[in-house]
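Sequence positions in the sequence shown follow numbering that gives the first Met the number 0 and run 0 to 106. Every residue, glycine too, gets a C-beta built ideally from N, C-alpha and C. Here is the structure we will look at.
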Amino acid sequence: MKDLLGLMGKAKEMQAKFQAMQDEIATLEASGQAGGGLVSVTLTGKFEMKSLKIDPSLFKEDDVEILEDLLLAAHNDAKNKVEQIMQEKTKALTAGLPIPPGMKLPF
0 MKDLLGLMGK
10 AKEMQAKFQA
20 MQDEIATLEA
30 SGQAGGGLVS
40 VTLTGKFEMK
50 SLKIDPSLFK
60 EDDVEILEDL
70 LLAAHNDAKN
80 KVEQIMQEKT
90 KALTAGLPIP
100 PGMKLPF
């Protein structure tokens with residue numbers, strides 16, 4: 000019974016740590032670039048786009064497809080960076096826990 004109470008206490012403590020980590024992740028920002036910096040996108044930890052910067056040299060009618068591709072690439076670069084930061088924080092928090100490989104936590 001004592002082990003069960005200890006386990007419940009640890010679960011409650013872990014839940015509080017996860018909530019704190021989620022709050023921290025929500026405030027982080029990551030920027031991604033494409034085209035050698037011609038397009039830059041900044042995302043929040045919730046994958047919301049916060050800013051978009053486009054070099055004026057890309058505003059030509061015949062470069063629309065290139066601009067679209069660069070926007071997608073910059074967004075994906077920023078998204079990958081946010082996901083990487085989230086993985087690092089989760090790994091640090093769950094160190095030593097028997098969580099199966101590849102399991103995504105609820106956030």
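Residues near residue i by beta carbon distance below 7 Å, same chain, minus five either side
i: residue 106; result: The pLDDT assigned to residue 106 is 44, lower than 50, so where the model puts this residue is not dependable; a value taken from the coordinates is nonetheless given after this. These residues qualify, in order along the chain: 21.
i: residue 77; result: 29, 30, 31, 40, 41, 42
Cβ distance (whole Å) where residue i is taken to contact residue j below 8 Å
i: residue 112; j: residue 25; result: Here the chain covers residues 0 to 106 and nothing more, so residue 112 does not appear.
Own chain partners of residue i with C-beta closer than 6 Å, once the 5 adjacent residues on each side are dropped
i: residue 66; result: 57
Proximity below 7 Å, CB of residue i to CB of residue j
i: residue 15; j: residue 38; result: no
- Does the stretch 54-70 come within contact of the stretch 33-40, defined as at least 3 CB pairs closer than 8 Å? yes
- Do the stretch 72-86 and the stretch 4-13 touch if we need at least three Cβ pairs shorter than 8 Å? no
- Item | Within the stretch 51-94, ranges of the alpha helix (DSSP H) (whole runs, at least 4 residues) | 63-92
- Contained beta strand (DSSP E) runs [length at least 3] in the stretch 10-43, N- to C-terminal order: 28-33, 38-43
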